[in-house]
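Read through the structure below, which is laid out as structure tokens, and then see the notes.
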Amino acid sequence: MRIERRAWYQSVNQVPTNRASCCDLRQHGSEYICLDLPWTLNFDEEHFDEELRTRMGALRAIAAGLALLLSVILYRGQHSIFNSILVSRTFPAVWTPANLSSPCTYPLLDPDLRLCEDAVLDGDRVLVSCDRGRFSWNTATGPMLDPTSTGSLWLYKPSARSITRLTITEFPVAHVFHPVGLALRFPDAYVVNQGKTATTIEHLHLDEDGTARWLRTLSFPSQHPAPNALALTPDGTGLYVSNDKRFTPRVSPILSHLETLSSVPLGWVGFINTTTGAYTRAAQGLVFPNGVSVSPDGLHVAVAESAFSRLHIYARDPLTNALEWETVVQLPAIPDNVHYAGLDRVVVGGIPWMPSMDARRQGKGTTKAAAWVMEVLFNQEDEKWEQWDGAPVNASSVTIALPEQPAVKIRTLMQSNGEVIEASTGASYDPERGEVYVAGLADTRGFVVCKV
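So for the sequence shown, our numbering puts the first residue at 4; every next one is plus one.
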């Protein structure tokens with residue numbers, strides 16, 4: 004086989020000396036072309052063609068696989084992508100079913116009561132996790148710039164309308180404290196802590212005098228590297244923990260981004276025996292599982308799947324703590340933390356539009372991150388669920404029910420364009436008091452109480 008090698012030059016003077024003597028220099032317009040003297044290359048053409056066909060076949064297979072993966076991602080995530088990424092809706096300054104002009108109040112405005120992740124209700128107590136340094140240290144979504152700041156826990160008493168910062172005692176000096184998900188059965192509290200070297204679960208004992216005494220750290224770095232949210236069983240002997248990602252930014256930012264973009268279901272829910280400390284997996288095959296909550300009777304567990312804006316319900320065996328998938332509900336916003344407020348009622352803290360949340364996290368832009376707190380009511384065959392939501396942005400106008408979705412009603416408890424609270428990632432509801440307690444992940448006011 005004869006092969007010619009060519010080189011182009013702007014002028015004759017650019018032709019290297021070692022090439023001018025062994026090439027045929029020709030002028031082509033304003034440029035010069037140097038053609039090497041033809042030379043012969045001997046090779047096995049049949050082997051070459053076979054190798055080429057093999058490699059092209061492999062490339063086609065890879066392209067087909069990627070196309071299939073992309074189509075599955077788009078199909079499964081079409082609702083979440085459209086509603087929470089592509090479309091920005093106009094929310095009111097604030098709306099609750101109470102239809103009051105000012106339904107929400109701030110128990111306290113404090114520099115440390117800000118950027119709050121979760122708010123969990125237990126009787127006459129609401130435990131709130133906040134971290135003024137959250138936008139510089141977040142091991143779930145990033146960034147991971149500076150872990151030296153310290154987060155805080157706050158205890159709100161609805162009957163007294165008072166909130167107190169808890170003083171944590173006996174906490175290991177070497178630990179840093181960045182609280183996210185919470186579980187509370189007074190006096191026991193469990194807190195997910197995004198520490199400097201690992202994300203752990205801290206067990207605290209709360210006292211009436213406003214102190215939280217550290218008892219122990221639960222950590223499973225190889226079995227459960229990315230704990231996010233927590234839920235105690237009714238008797239307090241078990242703890243369900245969501246593991247949002249297999250590859251966290253702490254391990255590998257590149258693999259973490261790939262896992263997020265590909266939506267591969269590598270997340271799971273684990274179970275910890277709080278007496279023995281033994282760990283087992285309870286549910287898997289989820290894409291960024293986030294909030295988790297156990298029903299008051301202990302027979303069901305709700306898990307939020309943030310990537311696809313879905314709420315999964317699992318049947319729980321109280322004797323073995325095993326979970327069996329039961330049903331799923333499509334939600335109108337990206338769910339974060341979830342909390343049962345009755346046997347058939349799950350309260351969801353949601354983010355309606357993720358681009359504004361990401362901008363706030365990165366310190367860019369001025370658009371506030373909207374908030375949407377809703378309740379999902381199960382076993383509601385008597386009326387259409389559309390009739391239950393009177394919010395300006397109605398849940399039924401945004402959500403398309405899944406084919407396997409049970410008879411449910413989705414009712415808005417609070418909506419805001421960010422004027423009252425930004426990014427409602429955690430919320431608990433007290434039907435008797437008619438109040439919802441909301442934590443705002445992107446808000447400097449942190450925590451708000453709204454009449455519903």
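The beta carbon of each residue, even a glycine, is placed where N, CA and C say it ideally should be. Computed from a predicted model, the values in this text were never measured in an experiment.
By Cβ distance below 6 Å, which residues in the same chain neighbour residue i in space, the five residues on each side in sequence not counted?
i: Q408; result: V332
i: F46; result: Unreliable positioning characterises F46 in this predicted model, as indicated by a pLDDT of 49, which lies under 50. The coordinate reading is nonetheless provided below. Contacts found: none.
i: W98; result: A394, P395, Q418
i: V351; result: P338, V341, M377
i: P237; result: G301
i: T370; result: S359
i: F291; result: D247, G270, S309, A310
i: R253; result: T142
Hey, would you say residue i sits closer than 8 Å to residue j, going by beta carbons?
i: V295; j: V341; result: yes
i: A344; j: A445; result: no
i: L118; j: G449; result: yes
i: D347; j: A307; result: no
i: V195; j: P146; result: no
i: L235; j: Y193; result: yes
i: D191; j: H208; result: yes
i: L169; j: A215; result: yes
i: R364; j: F138; result: yes
i: V401; j: L380; result: no
i: V131; j: A122; result: yes
i: V244; j: I275; result: yes
i: G110; j: I166; result: According to the sequence provided, residue 110 is Pro. The question's Gly does not apply to it. Closer than 8 Å, so yes.
i: R135; j: F189; result: no
From residue i to residue j, what distance separates their C-alpha atoms?
i: L62; j: S255; result: 27 Å
i: Y432; j: L124; result: 8 Å
i: T153; j: A201; result: 15 Å
i: N246; j: R219; result: 20 Å
i: I403; j: L187; result: 34 Å
i: W271; j: E53; result: 44 Å
i: L112; j: L334; result: 31 Å
i: Y310; j: F250; result: Correcting the residue identity first, residue 310 is Ala in this sequence and not Tyr. One C-alpha to the other measures close to 15 Å.
i: V455; j: S259; result: 39 Å
i: A318; j: G273; result: 15 Å
i: R436; j: C453; result: 11 Å
i: P161; j: T428; result: 20 Å
i: W375; j: G60; result: 49 Å
i: Q287; j: F223; result: 17 Å
i: D210; j: G239; result: 17 Å
i: P95; j: Y159; result: 27 Å
i: P321; j: S91; result: 42 Å
i: V441; j: I65; result: 46 Å
i: A101; j: G184; result: 29 Å
i: V439; j: I424; result: 13 Å
i: A426; j: H206; result: 27 Å
i: L314; j: N324; result: 20 Å
i: L71; j: P106; result: 48 Å
i: S225; j: A336; result: 32 Å
i: T108; j: W140; result: 29 Å
i: T447; j: S312; result: 26 Å
i: I257; j: A362; result: 20 Å
i: H227; j: S83; result: 26 Å
i: G126; j: A163; result: 13 Å
i: P434; j: H181; result: 30 Å
i: I316; j: G241; result: 18 Å
i: E327; j: R58; result: 44 Å
i: A430; j: R56; result: 58 Å
Within its chain, find whatever has a CB closer than 7 Å to the CB of residue i; leave out the 5 residues flanking it on each side and keep chain order.
i: C133; result: D115, L116, R117, L118, C119, G154, S155, W157, G449
i: R284; result: W271, G273
Excluding the five sequence neighbours on either side, which residues of its own chain have a C-beta within less than 8 Å of the C-beta of residue i, listed in chain order?
i: P175; result: W217, T220
When you compare the CB of residue i with every CB in chain B, is at least one pair closer than 8 Å?
i: H206; result: Among the chains of the structure shown, chain B does not appear; only one protein chain is present.
Fully enclosed by the segment 285-348, which beta strand (DSSP E) runs are 3 residues long or longer? 292-297, 303-308, 313-319, 326-333, 337-343
List in chain order: all unbroken beta strand (DSSP E) runs of 3+ residues lying wholly within the segment 116-154. Qualifying beta strand (DSSP E) stretches, in chain order: 119-125, 128-133.
For the segment 83-97 against the segment 347-363, are there 3 or more C-beta pairs whose distance is under 8 Å? yes
Let me know the beta strand (DSSP E) ranges lying completely inside the segment 203-275, each 3 residues or longer, listed in chain order. 214-221, 230-235, 241-246
Identify every run of the beta strand (DSSP E) within the segment 372-445, keeping only runs that are complete inside it and at least 3 residues long; order them along the chain. 374-381, 411-419, 427-433, 438-443
Would you call the segment 256-266 and the segment 274-288 in contact, with 3 or more CB pairs under 8 Å? no
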